[in-house]
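Top to bottom, those sequences are chains B, P, L, S, E, F, G and R.
Its first residue numbered 183, the first sequence is counted upward by one per residue in this note's numbering.
Its first residue numbered 183, the second sequence is counted upward by one per residue in this note's numbering.
Its first residue numbered 183, the third sequence is counted upward by one per residue in this note's numbering.
Its first residue numbered 183, the fourth sequence is counted upward by one per residue in this note's numbering.
Its first residue numbered 386, the fifth sequence is counted upward by one per residue in this note's numbering.
Its first residue numbered 386, the sixth sequence is counted upward by one per residue in this note's numbering.
Its first residue numbered 386, the seventh sequence is counted upward by one per residue in this note's numbering.
Its first residue numbered 386, the eighth sequence is counted upward by one per residue in this note's numbering.
Beta carbons are placed, not taken as given, at the ideal position from N, Cα and C, and that holds for glycine.
One structure below.
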Amino acid sequence: MNETRFDEPLIIAGRAFRSRLILGTGKYSDNASMIRAIEAADAEMVTVAVRRVDLDRTKEEGILYHLDPDQIFLLPNTAGCYTAEDAVRYARLGRAAGISDWVKLEVIGDRETLLPDVAATIEAARVLVAEGFKVLAYTNDDLITALRLEDAGCAAVMPLASPIGSGLGLVNPYFIREIKRRLSCPVIVDAGVGTASDACLTMEQGVDGILMNTAVAEAEDPVRMAIAMRHAVIAGRAAFLAGRMPRREVAVPSSPVTGMLA
Amino acid sequence: MNETRFDEPLIIAGRAFRSRLILGTGKYSDNASMIRAIEAADAEMVTVAVRRVDLDRTKEEGILYHLDPDQIFLLPNTAGCYTAEDAVRYARLGRAAGISDWVKLEVIGDRETLLPDVAATIEAARVLVAEGFKVLAYTNDDLITALRLEDAGCAAVMPLASPIGSGLGLVNPYFIREIKRRLSCPVIVDAGVGTASDACLTMEQGVDGILMNTAVAEAEDPVRMAIAMRHAVIAGRAAFLAGRMPRREVAVPSSPVTGMLA
Amino acid sequence: MNETRFDEPLIIAGRAFRSRLILGTGKYSDNASMIRAIEAADAEMVTVAVRRVDLDRTKEEGILYHLDPDQIFLLPNTAGCYTAEDAVRYARLGRAAGISDWVKLEVIGDRETLLPDVAATIEAARVLVAEGFKVLAYTNDDLITALRLEDAGCAAVMPLASPIGSGLGLVNPYFIREIKRRLSCPVIVDAGVGTASDACLTMEQGVDGILMNTAVAEAEDPVRMAIAMRHAVIAGRAAFLAGRMPRREVAVPSSPVTGMLA
Amino acid sequence: MNETRFDEPLIIAGRAFRSRLILGTGKYSDNASMIRAIEAADAEMVTVAVRRVDLDRTKEEGILYHLDPDQIFLLPNTAGCYTAEDAVRYARLGRAAGISDWVKLEVIGDRETLLPDVAATIEAARVLVAEGFKVLAYTNDDLITALRLEDAGCAAVMPLASPIGSGLGLVNPYFIREIKRRLSCPVIVDAGVGTASDACLTMEQGVDGILMNTAVAEAEDPVRMAIAMRHAVIAGRAAFLAGRMPRREVAVPSSPVTGMLA
Amino acid sequence: MTTTIRVTLNGDARDVVRGRTVETLLEDLGLHPRLVVVEHNRQILDRTRFAETEVQEGDNLEVVHFVGGG
Amino acid sequence: MTTTIRVTLNGDARDVVRGRTVETLLEDLGLHPRLVVVEHNRQILDRTRFAETEVQEGDNLEVVHFVGGG
Amino acid sequence: MTTTIRVTLNGDARDVVRGRTVETLLEDLGLHPRLVVVEHNRQILDRTRFAETEVQEGDNLEVVHFVGGG
Amino acid sequence: MTTTIRVTLNGDARDVVRGRTVETLLEDLGLHPRLVVVEHNRQILDRTRFAETEVQEGDNLEVVHFVGGG
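The following block contains the structure:
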C-alpha cells in the first residue's frame with residue numbers, strides 16, 4: 183500500500199479528485215511563486231476571484247495568463263460579496279468565463295471578521311442550485327446551517343476552521359466533526375488553517391478536504407509550506423482512516439516486561 | 183524542489199539519515215505487520231530491546247529473523263532498566279550483538295508512569311560515553327537535564343512528548359522548543375505521540391526527529407498509520423523550515439478588496 | 183476594595199443584578215438540593231421551563247412551590263421549542279404567569295446537538311420584542327447572528343460556550359470575545375460550562391455573565407460546585423477588570439537579581 | 183455551608199492555613215500596593231528574599247518595615263541561588279532572622295529559563311532537612327524528582343505550572359495531577375500562573391495550594407487581580423472537592439423533554 | 386342531554402361535568418389558579434377570566450406551570 | 386451628431402467612438418475576448434454576441450476576469 | 386563423578402552434560418550463535434570465544450537476543 | 386598603629402574605626418540589629434553576640450535582610 187493507494191478519491195459533484203488539498207491563488211508575492219506552490223502542493227483545484235479588469239494597468243494580472251484551466255481545475259469564488267444578490271451576480275460572471283458551472287459561494291456578513299452571513303448564503307445557494315450551479319458553500323461551523331446548505335442542494339459544505347486569514351487553526355474540532363458526521367455531501371474545511379499541524383489535525387476529524395490560501399501564500403517560504411501542506415493533508419487523512427490508538431493517562435511500555443535478566 | 187530535496191539529512195554521531203522518523207518494533211500483533219509498517223513509514227532506524235531468549239518457546243521471536251541489520255539500522259534500547267548499572271549492562275549486551283555501538287539509553291524511575299530517572303540516566307550516559315557508546319538518551323522535558331546529557335557527551339537527547347504509550351501527544355511544546363533551542367546535538371522527541379497531528383506539531387517545534395512505537399503498532403491499521411506518520415513528520419519538518427504565517431485575531435481577505443463591481 | 187465593590191452591577195433591560203451568575207433549575211436530584219445550590223451560588227436570577235401540569239402525579243413538581251419569585255428573579259425559557267412559532271407560544275405562556283415579561287428565548291435546530299436554529303431565533307426575537315418582551319436570546323457563537331439579535335432588540339445575547347449539557351467548556355474564546363467586543367447589549371454565555379475554571383476563563387473574555395445548569399446540578403456535590411461557580415465567576419470578572427500580565431516565553435525572576443552575596 | 187466551611191485547612195509541617203494562596207512579595211511598583219494586594223488576596227503566607235542591605239540607599243527597602251511577621255507568615259526563599267551550597271547558605275541566613283525555620287528552597291539551573299536544577303535541589307533539601315528546616319522545595323513537574331524530594335523529607339513539594347514569571351499557566355496538568363496523586367506531602371504549585379483561570383484550573387487538579395507573584399504584581403491593577411486570585415483558588419478548590427460533571431460530546435437538555443404542549 | 390362533556394386537557398381526552406368553569410375545573414384538579422397558566426383553544430386565558438369562562442364540549446385546554454429547567 | 390458616445394466602463398465614464406461593438410471595444414482596450422467576461426447593462430453578454438453587440442450611449446459595461454483569490 | 390553439571394541458564398537451574406562449550410550448548414538449544422549474545426558469569430563472552438569456553442558447574446549463563454521493543 | 390581597619394562589608398572594601406563591635410558598626414550604618422542578619426567570615430553571627438564581637442582587620446561581613454521576592 184503506498185500513498186496513492188491507501189485512500190479513495192474525493193468526489194465532488196461527480197468529479198473525482200486525487201488531492202484533498204485545494205489552494206487559493208491570492209496574496210502571493212508574484213505569479214511564479216504561486217505556480218510553484220500549486221505544483222508543490224500537488225493541488226488539482228484552485229480558487230480564483232472575479233474582479234474588474236484594470237484598464238489602466240498591465241493585462242498580466244489576469245490569472246488565465248498564468249494558469250491553464252486544462253491543467254488545473256479553477257473554482258471561481260464570490261469573495262467580497264456582502265449580499266445574496268451580489269454573490270449570485272459574481273457566480274454568474276464566473277460561470278460565463280466558460281470553464282465550469284462550479285462556484286465557491288461566500289457571502290460575507292462583517293468586514294472586520296469576514297464571517298459569513300449564513301442566511302444570505304443559504305438564500306444565494308438556493309438560487310444558484312436552481313440555476314444549475316455546483317455550489318461549494320463557505321460557512322461558519324454551525325451544524326444547523328450546514329444541514330440547511332446541504333438541503334439547499336450544495337455540492338459541498340465548507341465550514342471554517344477559524345476566520346479567513348487568521349491562521350488560528352482548528353478552534354472547534356467538535357463542531358467540525360459533528361458537521362462531517364451528520365452531512366452526506368463532502369465537507370471541505372475552508373479558512374483559518376495556519377500551518378501543517380492545523381491541516382493534519384483538521385483532516386483527522388474525518389473531513390473530506392481543506393481549502394487554504396494565506397497559510398501557504400504568507401509563509402516565509404511558500405513553496406516549502408506547500409510541500410508541508412501536501413504531506414499534512416495526506417498524513418491527517420491516513421491517520422483518520424488508520425484509526426488512532428486510545429489516549430490514556432497511564433503509561434504502557436513499548437518493550438516486553440518479561441525476559442529481563444536477573 | 184521536491185520532498186527529498188527541501189531538507190538536509192539528519193546527522194547523528196556522524197551517520198546521515200534521510201528519514202526523521204524512527205520506529206519502535208514492540209507491540210505489533212505480528213512480525214509481518216511490523217515489517218510492513220516499517221516500510222510504509224520509510225524508517226531507516228528502528229529500536230529493539232534486549233531480552234533473554236525464551237528457551238522453551240519458538241525461536242521465531244528473535245527479531246533478527248525478521249529484520250536485516252544491513253537494510254535497516256537497529257538501535258538497541260535499555261528499556262525496562264531501573265538503575266544506571268542495569269542500563270549499562272543492557273547497553274553492553276546490545277553492543278555485543280556486533281551491529282553497532284549505538285544505544286538508546288533509558289533508565290526508568292517509576293513503574294506506573296515509566297518516567298525517566300534523570301539522575302541515573304546522566305550517570306549511565308557518562309559511563310557509556312566513556313566506553314565509546316553513541317548514546318541517544320531518553321529523558322523528560324527538563325531543559326537542565328537535557329543540557330547535562332549533552333554535556334555528558336550524548337549523541338542525541340530524546341525528551342518525551344508525554345508518557346510512554348500514553349498517546350497524549352506533545353503536552354509541553356514550550357519545553358521541547360526550549361530544549362531544541364539550547365542544545366547543539368540532535369533532539370529527537372521520544373514517546374507520547376498518539377496520531378499524525380501530534381507528530382506534525384512536534385516537528386514544527388524544530389526538533390530533529392521523532393521516535394514512536396505505540397501510535398503505529400496500536401493503531402487499528404498500523405500500516406496506514408505508518409503512512410500517516412511518514413507524511414506527518416515530513417509535513418512538520420517542511421512547515422518548520424518554511425516559516426509559518428503569523429497568527430492574528432483579525433481576519434484578512436484572501437481575494438482582492440479592490441476591483442469589485444458597482 | 184472588597185469583592186462587592188470592585189465591579190459595577192450587571193444591568194439587563196434596566197434591571198440591576200449584583201451577581202453575574204444565572205442558574206438553571208433543571209436536573210437536580212431533588213428540590214432541596216436545588217434551593218441550596220441557588221443559595222450557595224448567590225444567584226439572583228434562575229431559569230425555569232414551561233411545561234404541562236402533570237395531572238396524574240403529585241402537584242409538588244411546580245417550581246413555584248419551591249422558589250419565591252419575590253426572592254429570586256425567575257426567567258422563563260422556551261427550551262424544547264423547535265420553531266419560532268412554538269417559542270413565541272411558550273414565551274407568552276411564561277409571561278402569563280404574571281411574574282415578568284422577560285424570556286430566555288431558545289429555538290433548537292437539532293435534537294442531537296441541541297444547537298440553536300439561528301434563523302428561527304431571530305424571527306421569534308422580532309415577534310417577541312414587538313410584543314414588549316425582554317428577550318434574552320440563546321444562540322451559537324456566530325458574531326453575525328449575535329449582531330442580528332441585538333438589532334432585533336434583544337435585551338441580552340446568550341452565545342454558547344459549547345453544546346447544552348456537554349461540559350466541554352469554552353471551546354472558542356475568540357468568537358465569544360469578538361461578540362462581546364462588537365455588541366453593546368449584555369452578553370451572557372449560556373451552555374457548555376463544565377467546571378469552575380471554564381466559568382472563570384469565560385468571564386475573563388469580558389462577557390457580562392454566565393448561565394449554567396448541568397455543571398452544578400450534575401456535579402457530585404452540587405452545593406459545593408455552586409460555591410465553586412460563585413467564586414469562579416467573581417474571579418474571572420475581577421481578573422478581566424484587573425488586566426492580566428503578559429504571557430511570555432521567557433522567564434523573569436520574582437526576586438531581585440541584585441544584592442546577592444559574594 | 184459557606185466558603186469557609188466547605189474545606190479543611192491546609193496543613194504544612196503541622197501548621198494550619200485557612201488560605202491556599204501564597205503570594206510572593208517581589209516586583210510590586212510600591213510597598214503600599216503590595217500590602218493591599220496581600221490583604222485583598224487574603225493570603226496568610228508570603229515569600230521574601232534574602233539580600234544584602236543596600237548600605238548606600240534608604241533603609242526603607244527592608245520588607246520587615248512593611249510586613250509584620252506576627253500578622254503574616256513570612257517564608258524566606260533561596261531565589262537566585264545556582265548551587266546547593268549557596269541555597270543552604272541563604273536558607274541559614276533566612277532562618278537567622280529569627281522568624282521560623284521554614285524555607286522555600288529553590289536552586290536554579292539556568293539563567294534564561296530559571297528552571298530548577300533538580301539534582302542540586304535534592305542535595306540541598308537533604309542538608310536542610312537534616313538541619314531541622316521545614317523545606318518547601320520548588321521543582322519542575324517531574325514526578326520522579328518530586329518523589330525524591332518527598333523522600334528527602336520536604337514539608338511540601340512545589341512543582342511549577344510553567345517558568346517563573348512567564349504567565350503561561352498550567353501547561354502540563356497530567357504531570358501535576360500525577361505528582362499530587364503519588365505524593366503524601368502537600369503539593370503547592372509554584373510559578374507560571376498568569377491569570378485567575380490558570381489558578382482555578384490548577385487547583386482543580388487537586389493540588390493543595392498555589393504560590394504566585396508576577397500574576398498579581400504585574401497585573402494592570404494588582405489589587406483587583408489579588409481579589410481575582412483569592413476567588414479563583416477557592417473556586418478551583420471547591421470544584422475539585424465537588425467533583426465535576428462528565429465531559430461528553432453529546433448534548434443533554436437541561437429542561438424536561440416531556441410535558442411539551444401539543 | 387348528557388351531564389358530561391368531552392374536552393382535551395393537556396393532550397388527553399377527558400370527561401368533565403357540564404357547566405364547570407375553568408376555575409372550578411382547576412379546583413377539581415386540585416390546582417391553585419395562581420400557580421398555573423391556562424391556554425384555552427390556543428389562546429392564553431387571563432387569570433381574571435377563569436371564573437367566567439365555562440368549559441365547552443370539544444374545548445382544548447392546556448394547563449401549564451413552571452418546572453425546573455435550564 | 387458627435388462621433389463619440391459616453392459609456393460607463395468598469396465604473397468610469399469613458400468616451401468611445403460611435404459604432405464600436407463589444408468585440409472591437411475589447412480590441413481597442415487590448416483585451417482578449419476569451420479571457421474576459423462582459424456584463425452589459427447588468428446582463429451577462431454571451432461571448433458569441435460580442436461581435437454583433439454595438440455599444441450605445443449610456444451603456445454600462447463591466448469587463449471582468451479571474452484574478453488570484455482564496 | 387556425574388556426567389552432568391548444574392548451571393543457571395537464563396535464571397533457571399538446568400543440568401548440562403559435562404564438557405559442553407558455550408558453542409555446543411547453544412547448538413543443543415537450537416540457537417544460532419550469531420543471533421544471540423551470551424553473558425557468562427556476568428561478563429559478556431565474545432562470540433569468538435564460544436568454542437573455547439567450557440561450561441562449568443555453577444556457571445551463570447544469560448543468553449539474550451534482540452526482540453521487538455520501543 | 387592606625388586607628389582604622391579595613392574590612393569587606395557587603396562585598397566592598399571599607400575602613401572602619403578600630404574597636405567597633407558588630408553592634409556599634411550596625412549603629413554607625415543606621416541599621417536596626419533586629420532587622421538584619423550578619424554573616425561574619427562566612428559564619429552566621431547570632432544576634433546575641435553582636436555586642437561582644439569586635440570587628441577585626443580583614444573581616445568579611447555580610448549584612449542581609451528580607452526584601453520583596455517571589
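Annotation: Cβ neighbours of S/P258 in chain R (cutoff 7 Å, chain order): F451. Under a 10 Å Cβ-count criterion, S/D238 is classified as exposed, with fewer than 16 other Cβ atoms of the shown protein chains found around its own Cβ.
Spanning the alpha carbons of P/D299 and S/I326 requires a straight line of approximately 6 Å. Counting along the chain, S/N213 sits inside no beta strand (DSSP E); it lies in the alpha helix (DSSP H) bounded by residues 213-223. In terms of Cα proximity to P/I409, the closest of P/C382, P/A269, P/P258 is P/C382. Annotation for P/A410: no beta strand (DSSP E) segment contains it, though the alpha helix (DSSP H) segment containing it runs 404-424.
Taking 8 Å as the CB threshold, P/L325 stays off the interface with chain F.
B/Y320 carries a strand assignment under DSSP once its states are collapsed to helix, strand and coil. If you draw a straight line from the Cα of S/Y272 to the Cα of L/G196, it comes to about 59 Å. In the pairwise beta carbon analysis, the segment 212-228 of chain B is classified as not touching the segment 428-439 of chain F: fewer than three pairs are separated by under 8 Å.
What P/E288 touches in chain S, judged by beta-carbon distance under 8 Å, is nothing: the nearest beta carbon there is about 13 Å away. Its Cα nearest to that of B/V353, the residue B/D323 stands out among B/W284, B/D323, B/S201. One thing to note: F/V401 has its Cβ within 8 Å of the Cβ of F/T389. Here the alpha carbon of S/R218 sits roughly 15 Å from the alpha carbon of L/A420. Under the DSSP assignment, B/K209 falls outside any alpha helix (DSSP H); it carries neither an H nor an E label. Taking a cut-off of 8 Å for Cβ pairs, the segment 299-312 of chain P and the segment 264-280 of chain P touch, as three or more such pairs fall below it. Taking 3 residues as the shortest admissible run, the segment 226-296 of chain L contains the following complete beta strand (DSSP E) segments, listed from N- to C-terminal end: 227-234, 255-258, 284-287. Taken through DSSP and simplified to helix, strand or coil, S/V300 comes out as helix.
Per DSSP, reduced to three states, the secondary structure at F/D397 is strand. Following the DSSP letters along the chain, one finds P/F357 in no beta strand (DSSP E) but inside the alpha helix (DSSP H) bounded by residues 355-364.
Comparing alpha-carbon positions, the option among B/V270, B/M216, B/L275 lying closest to B/Y247 turns out to be B/M216. With a cutoff of 8 Å on beta-carbon distance, E/G455 and S/S348 are scored as not near each other. For P/A424, no chain F residue has a C-beta closer than 9 Å to its own C-beta; the minimum C-beta separation is roughly 18 Å. With fewer than 16 neighbouring CB atoms inside 10 Å of its own CB, R/T387 falls in the exposed class. Around the beta carbon of S/V439, fewer than 16 other beta carbons sit within 10 angstroms, so the residue counts as exposed. Residue pairing from DSSP leaves L/T377 without any beta-bridge partner.
Comparing C-alpha distances from G/G453 to each of P/T207, P/L329, P/L256 shows the shortest one belongs to P/T207. For P/D390, the CB contacts under 7 Å within the same chain, skipping 5 residues up- and downstream, are L192, R202, P368, V369, I370 in chain order. The beta carbon of G/A398 sits closer than 7 Å to those of R391, all from its chain and outside the five residues before and after it, given in chain order.
For P/R197, no alpha helix (DSSP H) encloses it; the enclosing beta strand (DSSP E) starts and ends at 197-199.
Sequence-distant Cβ neighbours of B/M407 in its own chain, meaning closer than 6 Å and more than five residues away, are V398, A401. Using a 10 angstroms sphere on the CB of L/Q387, the tally of other CB atoms reaches 16 or more, which defines it as buried.
Annotation for S/N395: G206, G208 place their beta carbon closer than 6 Å to its own, counting only its chain and skipping 5 residues before and after. In terms of Cβ geometry, L/V375 and L/I392 form a close pair [threshold 8 Å]. In the structure shown, L/V439 adopts coil according to DSSP, grouped into three states. Contact check for B/P258 against B/V232 passes: the beta carbons are separated by less than 8 Å.
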